[in-house]
Amino acid sequence: MTYYLSPHTVQMNAWIGLCQLDDRFPDTLAKLGYTVDIIEPGFTIKGDYIQPDLVLTAHRRKHSLLLDFKSYHLKDHQNERYETAVQNPDQLVLRGAVQGVPPEELSTDFSYSSFGDLAEIHDLSEFDFV
Amino acid sequence: MPPLNPTDRRELYEHFQHVIEGTYDQLLEDQKLNYKQNMLKSFLVETNVEPSLLEEQFEYVTVEKIDYSLFEVLIDTSSDEDEEEEILTFYLDSQDERFWTFYSIEKSRPAKDTMEDLIMTEQSGLDYLWFPAQLQRYFTKLGEFQGTGINYDAEDVFSEAYINEHLPFGELSIQSSGQGTSWLLDALSDADLKRFMSLSSVKIRREMEEGVVIERIDNNGRITTRGGNAIQAHLSFVETIRELYADLIRGIEEEGRIGYPIREIESEEGERHSSGQSVEGTPIVINLANSVENLKEFADSFTSATKPLRLWGVGTWLADDYYKIRGTDLHNNDSFTLEIKRDWIRLYLPDDACGNTALRIFSNIQRYYDAEASFGERSDPKNSKVGLTG
């Protein structure tokens, strides 16, 4: 029997898989200490509402990765909103999105994940994740 | 099912999420408190102490750290007559060092009384937030306006004789909810009642990207979530209110306190010398729509050291219609000076005074004497979204 999984679900599984120590799937992020912190939280930072699909945290690195799974489209305001989160990482702890890291010591980055090449469709050059 | 004893912020917020959604039906069967009947209450409190000092200051308070800037605060409210201990649980969020938030899902009355006892204790280092009517009106624009409470309580401050002689009401209380609230307020504001329409609470429905919350905001910083589906929306709302108030306080403390700094000049040899003193800051002018008929009695009533104002002072006449009071704010021992004429009051605060004192005096004048009292143009806090002049 074949089950259809949406691209969103496949990406979710893949990113979670990267955080598991497993000999059948790359465990790159697990080796770096990342674990799944929370799935699909929604919270506001400095007035900007952010709803990443997945938050991965490496506690010993005091670093969190905000992941947003995309098909092919980005909304313009999303980049700015995630930038707000990157500029105010303490708020991730204070809003309960990240656990176990002192708010003033946390750093964070965000990333879009897609099966398409978002950089071909959108000008992302002003952000350093391209 | 989220635990009852949260070990971090996320668990606490999940717990509150269930409270807001009212989904505690299956929970707590063996617990003493029936949490599902209680609403989430957030008390914004101004402070100049550390959370850990609460335990030293109050022997009936226990403070335990849960997470970063998050504490469980247990307050023993038992009296000698009680057979069982009555301990109320609050959660203190001290991420903003000056404006704390105490969360509670205890019953409304005990929670409110307990916070009052804590804040009103002399030298507690804690104070309410004092929302002026202008700020309360601004809150009604932050969502769909659904209700209001109006409480004019001159009886709490003035003598019966003063009220009989000078005021049409000793007390005026109106509660309204529903879509007609705006209509009612507009109708009453057109009448000559405006001076006595002192907003004590407003209720709004706020629909945000996070979800919906129905909030009641009391004029002393208490926010009660009366329904909704998103704790994050409530947290954002509390933050919005805190920032609006903090902007007002910052503006007052930058411009509305009087200091006498010593000016210095630097000689050619690089040595610094005093070149005299200057005056910085301006007094805060409060304009009154409800003119004061008896200056001395008015001033003495406001500075009698009793609750709710807890201001103490000694007055002198500067002229026939010009009265001055030098006083002390018993909340924090800040000194202040009031100069009173029939239609305005000047408030002088020293440069180390707390800006909260100014808003306490101002908002209490609105509540107990003149709901239309406003700041003078030059006293309006700069860089604040909310003006206090109108």
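Same order as they appear, the protein sequences are chains A and B. Just so you know, we're using the numbering used here here: the first sequence kicks off at 4 and counts up by one. Just so you know, we're using the numbering used here here: the second sequence kicks off at 935 and counts up by one. Just so it is clear, CB atoms sit at the ideal spot from N, CA and C, and this is done for glycine as well.
Length of the line joining the Cα atoms of aspartate 1304/B and isoleucine 1084/B: To locate residue 1304/B, count along the second sequence from 1; it is residue 370. To locate residue 1084/B, count along the second sequence from 1; it is residue 150. Isoleucine 1084/B has its alpha-carbon roughly 13 Å from the corresponding atom of aspartate 1304/B.
Arginine 1140/B and phenylalanine 1171/B closer than 8 Å at C-beta: Indexing the second sequence from 1 puts residue 1140/B at position 206. Indexing the second sequence from 1 puts residue 1171/B at position 237. Yes, the Cβ-Cβ distance between arginine 1140/B and phenylalanine 1171/B is below 8 Å.
Below-8 Å beta-carbon distance, glutamate 1006/B vs any chain A residue: The residue you call residue 1006/B lines up with position 72 of the second sequence. Chain A, which has no Cβ nearer than 8 Å to the Cβ of glutamate 1006/B, makes this no.
Ordered list of beta strand (DSSP E) runs contained in the stretch 1043-1114 of chain B, each at least 3 residues: Qualifying beta strand (DSSP E) stretches, in chain order: 1060-1062, 1078-1086 and 1106-1111.
Arginine 73/A: first and last residue of the uninterrupted beta strand (DSSP E) it sits in: Taking the first sequence and counting its residues from 1, the one referred to as residue 73/A is at position 70. Rather than arginine, the amino acid found at residue 73/A in this sequence is lysine. Lysine 73/A -> beta strand (DSSP E) spans 66-73.
Nearest neighbour of aspartate 30/A, chosen from Ala17/A, Asp40/A, Ile42/A and Ile41/A [CA to CA]: The residue given as residue 30/A occupies position 27 in the first sequence. That would be Ala17/A, whose Cα lies nearest to the Cα of aspartate 30/A.
Rounded separation between tyrosine 947/B and glycine 99/A - CA only: Translated into the one-based positions of the second sequence, residue 947/B becomes position 13. Translated into the one-based positions of the first sequence, residue 99/A becomes position 96. Pairing tyrosine 947/B with glycine 99/A, the inter-Cα distance amounts to about 7 Å.
Amino acids of chain B, ordered along the chain, whose beta-carbon sits closer than 7 Å to that of glycine 99/A: Counted from its first residue, the first sequence places residue 99/A at position 96. Residues of chain B passing the Cβ test: Arg943, Arg944 and Tyr947.
Contact set between glutamate 1144/B and chain E, taken where Cβ atoms lie within less than 8 Å: Here chain E cannot be found, since the structure's protein chains are A and B.
Partner residues on chain B for proline 105/A, Cβ-Cβ distance less than 8 Å: One-based indexing of the first sequence puts residue 105/A at position 102. Within 8 Å Cβ-Cβ: Tyr1002.
Neighbourhood of aspartate 56/A by C-beta distance below 7 Å, restricted to the same chain and skipping five residues each side: What you label residue 56/A is simply residue 53 of the first sequence in a count that begins at 1. The beta carbon of aspartate 56/A sits closer than 7 Å to the beta carbons of Met15, Glu43, Leu70, Asp71 and Phe72 from its chain, once the five residues preceding and following it are set aside; these are given in chain order.
The beta strand (DSSP E) enclosing aspartate 120/A, as first and last residue numbers: Against the first sequence, residue 120/A aligns to sequence position 117. Here aspartate 120/A belongs to no beta strand (DSSP E), and DSSP marks it neither H nor E.
Below-8 Å beta-carbon distance, glutamine 102/A vs any chain B residue: As a first step, residue 102/A must be located in the first sequence, where it is residue number 99. Interface residue, yes.
Residues that leucine 1178/B contacts on chain A, provided the C-beta gap is smaller than 8 Å: Sequence index remark: in the second sequence, residue 1178/B carries index 244 (1-based). Residues of chain A passing the Cβ test: none, with the nearest at roughly 12 Å.
Span of the beta strand (DSSP E), counted from its first residue to its last, around alanine 1253/B: As a working note, residue 1253/B is residue 319 in the second sequence. Residues 1245-1253.
Leucine 68/A beta carbon less than 8 Å from that of serine 114/A: Your numbering for residue 114/A matches position 111 in the first sequence. Your numbering for residue 68/A matches position 65 in the first sequence. In contact: serine 114/A and leucine 68/A (Cβ atoms closer than 8 Å).
Continuous alpha helix (DSSP H) stretch holding valine 1172/B: start and end: As a first step, residue 1172/B must be located in the second sequence, where it is residue number 238. Looking at the DSSP string, the run of the alpha helix (DSSP H) that includes valine 1172/B is 1165-1189.
Cutoff 7 Å; reference glutamate 1311/B; Cβ partners in own chain excluding five residues on either side: In the second sequence, residue 1311/B corresponds to position 377, counting from 1. Counting only Cβ-Cβ distances below 7 Å, and skipping sequence neighbours, we find Thr1323.
Chain B within 8 Å of valine 39/A, Cβ atoms only: Locating residue 39/A in the first sequence gives position 36, counting from the first residue. Output row for valine 39/A: interface = no.
Chain-ordered neighbours of serine 1038/B on chain A, where CB pairs are closer than 9 Å: Along the second sequence, read from residue 1 onward, the residue named residue 1038/B stands at position 104. The premise fails here: serine 1038/B is roughly 18 Å from chain A at the closest Cβ pair, so nothing lies under 9 Å.
Start-to-end residues for the alpha helix (DSSP H) that takes in serine 1297/B: For the purposes of this step, residue 1297/B is taken as residue 363 along the second sequence, with counting starting at 1. Secondary structure note for serine 1297/B: its alpha helix (DSSP H) is the uninterrupted segment 1289-1302.
DSSP bridge partner residues for arginine 1140/B (one or two, in chain order): Counting from one through the second sequence, the residue named residue 1140/B turns up at place 206. By DSSP's assignment, arginine 1140/B forms a beta bridge with Val1147/B.
Cβ contact (3+ pairs, closer than 8 Å) linking the stretch 1090-1104 of chain B and the stretch 1039-1050 of chain B: In short, these stretches do not touch, since the Cβ pair count stays below three.
Where alanine 100/A sits in the DSSP three-state scheme: Translated into positions along the first sequence, residue 100/A becomes position 97. In the structure shown, alanine 100/A sits in coil (DSSP, three-state: anything other than H, G, I, E or B).
Residue range of the beta strand (DSSP E) that includes valine 58/A: Translated into positions along the first sequence, residue 58/A becomes position 55. It spans 57-61 - the beta strand (DSSP E) in which valine 58/A sits, taken as one unbroken run.
Best match in Arg1129/B, Ser1134/B, Ile1165/B and Arg1156/B for proximity to valine 1146/B [C-alpha to C-alpha]: Translated into the one-based positions of the second sequence, residue 1146/B becomes position 212. The closest CA to that of valine 1146/B, considering only Arg1129/B, Ser1134/B, Ile1165/B and Arg1156/B, is found on Ile1165/B.
Sufficient close CB pairs (3 or more, under 8 Å) joining the stretch 1187-1201 of chain B to the stretch 1215-1235 of chain B: Yes, the stretch 1187-1201 of chain B is in contact with the stretch 1215-1235 of chain B.
Host alpha helix (DSSP H) of serine 1235/B (start-end): For the purposes of this step, residue 1235/B is identified with residue 301 of the second sequence, where counting begins at 1. 1229-1236 is the extent of the alpha helix (DSSP H) around serine 1235/B.
Endpoints, alpha helix (DSSP H) assigned at phenylalanine 950/B: Along the second sequence, one-based indexing puts residue 950/B at 16. Boundaries of the alpha helix (DSSP H) around phenylalanine 950/B: 943-955.
Residues from the stretch 1155-1170 of chain B in contact with chain A, defined by Cβ distance under 7 Å: Look at the stretch 1155-1170 of chain B: the residues with a C-beta under 7 Å from a C-beta of chain A are Gln1166, Leu1169 and Ser1170.
Contacts that glutamine 951/B makes with chain A (C-beta to C-beta distance below 9 Å): Here residue 951/B refers to the residue found at position 17 when the second sequence is read from its first residue. Going along chain A, no residue has its Cβ under 9 Å from glutamine 951/B, so there is no contact; the nearest lies around 10 Å.
Cutoff 8 Å; reference asparagine 1154/B; Cβ partners in own chain excluding five residues on either side: Numbered from its first residue, the second sequence carries residue 1154/B at position 220. For asparagine 1154/B, where only same-chain residues beyond five positions count, the Cβ hits under 8 Å are Tyr1062, Leu1063, Trp1064 and Phe1065.
C-beta neighbour in chain B for valine 96/A, strict 8 Å: Mapped onto the first sequence, residue 96/A falls at position 93. Taking a beta-carbon distance threshold of 8 Å, valine 96/A counts as an interface residue toward chain B.
Beta-carbon contacts of phenylalanine 46/A that lie in its chain and below 7 Å, excluding the five residues immediately before and after: Taking the first sequence and counting its residues from 1, the one referred to as residue 46/A is at position 43. Taking phenylalanine 46/A as the centre and dropping the five residues before and after it, the same chain places the C-beta of Ile53, Arg98 and Ala100 closer than 7 Å to its C-beta, in chain order.
Residue-chain proximity (glutamine 1070/B, chain A), Cβ-Cβ < 8 Å: As a working mapping, residue 1070/B is identified with position 136 in the second sequence. Output row for glutamine 1070/B: interface = no.
Contacts of glutamine 1029/B in chain A (Cβ-Cβ under 7 Å): In the second sequence, counting from the first residue as 1, residue 1029/B sits at position 95. Simply Leu97.
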